[in-house]
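Remarks on the structure that follows.
Residue numbers (this note's numbering), protein chains in the order written: chain A, 1019 to 1355; chain B, 42 to 405.
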């Protein structure tokens, strides 16, 4: 098991490295290839004329005067060691590990921006995922045990409807009804969990429901299909032939096998969501990573875009790693192959 | 562990003491059992009116091709069709209880404890996520009020009894760690850990290496004798039947077409289908290198069962019956001149014996 985890960790490290190369190539190299200096995107204002002393100084400071491989190494090593970033006209910032750059647009280090946004995204993704996992698996299990029953038919029509409605519809409708029409919840903005748990909860409930809605429907359908397949397996027949009570047959023998593939999908969905809840964040005015990435793209704030991309990618890689390990914990056959 | 039998019985012997003199009265009696499955294409008559008895301590073989209704019959005895679309009728008497009328709770108390099954493919029949030992203990725990430690002890003793070396260590292994033969041994341990009175072996050796098959059969036979369990052995292998069983039911198209003792079936078979089965069985005890004779044609559709005798489309002897009765009239299961030997065939008994002696026997 330990060897398995070490192998997966090494694999994850390789993936993170590849992500860093791809991010570098796309965001740092692409403007260079089109004979444009990327400096503009870094200093957030018109750079000095090309060929001037100031321009050359800036180019040197950001490493653009070096050969390609050295540029990558310079960019990568700058993440790990402390240095000072300057836009050449007086504004400077000292940057420590993990140094993802400095946004001269927002006058803030990128890592600070991400540290502010990450808890919002995490709260949103984790809370919603718990909701949809519990709801989806519950509906899916009951449906899968009695396919063709009234519950199953109503449930499946309901989930099909839920999958079809986009968040930018359910979100505002929820806000309109729950907050403005019925006034069940106050119109509050996000507060960190550590500072004001009550307000954090009040501000997150609707985003959770809106985000979980579509996912719950998807998971209900997945669980139903897996459950139906598992209940037809020979080992379920064996469990019944042993004289086990139905609940033991369903939960211990059926559900555990049926949920295994769902665990994998769940971890990956959760990892993906951390950087991509753009619509939900926009609808509910939450300043998470999705909002941050949209903002930085709009203002062409390259260091922020790169930082968010890398953090989102690392979140996905970590989620995959956790999925792999959980799979091995659940299914003993995986550990040894 | 000087005497493995003592270790096996252990605490369970208190729960169930085998009666000293097994009486010959049938304790399982299946009467006119029908299992029908409604499907979109029509009603599948998987089992259509089958009757047989199993006597205490005896071994009954049920033979037939794939789809002849063997496994469906065994699952009906366990009540495993509840919760499916299957329609069951008839009676299954186990002691004085009709299992078809019993509640799910009553059936659950019998399953595993009184009636246990060894399934065909032990790899898919065991749960891949649980340790082999835990799966056997689970069967023991559900029917015996004992601690986990005691269940573990009983399981290890049973694993030892079925010939698994180093049983305490193998208890902790998962099914995929076992070889095919060992897995089937573990399956037998799982079935016998509660010392059931009836053991249903559903093609227990089909997925096994030929060299292992004989060992597994021998083990099953020994254990059944030791625990005084009756056995229903479901198989398509007549060689296995000849070696193992006391009596045989031959199934074809969901019906019993011939039944009797092993000697009757092998030395005086009267039904053309049984002749076909015997003719298609490879034998090593004959010097003559005759070719095997397959039965021409396909097994019948269970939705549109042939009119008349269910075997008539494949039978080579329908012209021996006047008036085309084989295709129009459904033959009854009738006792032959020998007691306990029943055949479903329109051909007159004297003629049947004549055909067998003159045409079938020489080529076997």
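Don't be surprised by glycine CBs; every beta carbon is placed ideally from N, CA and C.
Taken through DSSP and simplified to helix, strand or coil, residue 1108/A comes out as coil. Nearest CB-CB separation between residue 166/B and chain A: below the 8 Å threshold.
Around residue 378/B, the same chain offers 390 as residues with beta carbons nearer than 7 Å, after the five sequence neighbours per side are excluded. Cβ-Cβ separation between residue 173/B and residue 215/B: approximately 7 Å, consistent with a contact (criterion under 8 Å). If the five residues before and after residue 264/B are omitted, its C-beta is found closer than 6 Å to the C-beta atoms of 233, all from its own chain and listed in chain order. Taking 8 Å as the CB threshold, residue 1168/A stays off the interface with chain B. One Cα belongs to residue 133/B, the other to residue 1228/A, and the distance between them is close to 55 Å. Ranked by Cα distance from residue 1268/A, the first of 1042/A, 1156/A, 1032/A is 1156/A. In this structure, the beta-carbon distance from residue 1245/A to residue 1159/A falls below 8 Å. Taken through DSSP and simplified to helix, strand or coil, residue 296/B comes out as strand. Using a Cβ-Cβ distance cut-off of 8 Å, the segment 1299-1313 of chain A and the segment 1127-1141 of chain A are in contact, since at least three pairs of beta carbons, one from each stretch, lie closer than that value. Chain B places no beta carbon closer than 8 Å to that of residue 1273/A, leaving this residue out of the contacts. Rounded to the nearest angstrom, the Cβ distance from residue 177/B to residue 222/B is 17 Å, too far for a contact under 8 Å. Counting only Cβ-Cβ distances below 8 Å, residue 162/B has contacts in chain A at 1252, in chain order. Here the alpha carbons of residue 220/B and residue 1130/A stand approximately 58 Å from one another. The secondary-structure analysis by DSSP pairs residue 139/B across a beta bridge with 134/B. Around residue 215/B, the beta-carbon contacts reaching into chain A at under 8 Å are 1350, 1351. The beta carbons of residue 95/B and residue 273/B sit about 6 Å from each other, so the pair counts as a contact at 8 Å. Residue range 1128-1163 is occupied by the alpha helix (DSSP H) that includes residue 1142/A. In its chain, beyond the 5 residues on either side, 293, 314 have a beta carbon closer than 6 Å to the beta carbon of residue 352/B.
Pairwise C-beta distances place the segment 160-171 of chain B out of contact with the segment 184-194 of chain B, as fewer than three of them are shorter than 8 Å. Here the alpha carbon of residue 1090/A sits roughly 40 Å from the alpha carbon of residue 1213/A.
Under DSSP, the beta-bridge partners assigned to residue 91/B are 74/B. The alpha-carbon of residue 252/B is positioned some 12 Å away from that of residue 259/B.
Within chain B, the residues 119, 121, 152, 153, 157, 158, 160 have their CB atoms less than 8 Å from the CB of residue 1259/A, given in chain order. Only residues of its own chain outside the window of five on either side were considered, and among them 1202, 1203, 1224 have a CB closer than 7 Å to the CB of residue 1196/A, listed in chain order.
Per DSSP, residue 1341/A has no beta bridge partner at all. At a cut-off of 8 Å between beta carbons, residue 1282/A makes no contact with chain B.
Taking 8 Å as the CB threshold, residue 1255/A lines the interface with chain B. Residue 1254/A has its alpha-carbon roughly 28 Å from the corresponding atom of residue 207/B.
By the neighbour-count criterion, in which a residue is buried when 16 or more other Cβ atoms sit within 10 angstroms of its Cβ, residue 310/B is buried. A straight line joining the alpha-carbon of residue 228/B with that of residue 1332/A spans about 46 Å.
Residue pairing by DSSP places residue 86/B opposite 77/B in a beta bridge.
Annotation for residue 1262/A: no beta strand (DSSP E) segment contains it, and DSSP assigns it neither H nor E. Residue 1113/A carries a strand assignment under DSSP once its states are collapsed to helix, strand and coil. In terms of Cα proximity to residue 1161/A, the closest of 1061/A, 1273/A, 1060/A, 1327/A is 1273/A.
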